[in-house]
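Since the structure comes first, as structure tokens, the remarks are kept for the end.
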Amino acid sequence: MEAGNPRRWIGRWFVAVALLHGIAAFFLYGAPLQEMAAAGLIATADDYSTRAVAYWFLAFAPALAVMGLLIDAMEARHLPVPRSAAFLLLLTLIVMVAVMPATGAWLLFPPAIALLLRARR
């Protein structure tokens, strides 16, 4: 953490979870991802198939990393995240764990709650 902002951890937490998500994709969905690569990737994730699940699991990692990088940039500048964004993130996480309790989304509750507590009105 930077000496100027000892509270700068939330965005980095999101980036770390994104990295874990990307790595986990290859362990959990290695076979379908290899099949897709062997087939040339284009149009290889059919609706409701294991390949589609593997694709979306892997595709979520960069999106989560982008969110983490944006939050980290805001933290570096001491800018709070809008309360509406923090609230929507927390609400989304609640729905995610309600629908699928066996999920890594639990890892995002600490930074989401911290964002909401720091958020501006």
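In numbering that gives the first Met the number 0, the protein residues as written are 0 to 120. Ideal placement from N, C-alpha and C gives every residue a C-beta, glycine not left out. These figures come from a predicted structure and were not determined experimentally.
Nearest-angstrom Cα separation, counted from residue j out to residue i
i: Glu1; j: His77; result: Its pLDDT being 47, under 50, Glu1 is placed unreliably in this model, and the coordinates cannot settle the point.
i: Leu32; j: Leu107; result: 25 Å
i: Phe86; j: Trp105; result: 16 Å
i: Ala36; j: Thr43; result: 8 Å
i: Phe26; j: Ala53; result: 10 Å
Three-state secondary structure (DSSP) of residue i
i: Glu1; result: Here the model assigns Glu1 a pLDDT of 47, short of 50, so the residue's position is not dependable and the matter cannot be decided.
i: Arg11; result: helix
i: Arg119; result: strand
i: Thr43; result: coil
i: Thr102; result: coil
Residue i, enclosing alpha helix (DSSP H) - first and last residue
i: Tyr54; result: Thr49 to Ala75
i: Pro81; result: Taken as a continuous stretch (DSSP letters only), Pro81 belongs to no alpha helix (DSSP H), as it is neither H nor E.
i: Leu32; result: Gly29 to Ala37
Inset, instruction - Give a yes or no on contact between the stretch 14-21 and the stretch 54-73, applying the rule of three or more CB pairs nearer than 8 Å. - result: Yes, they touch.
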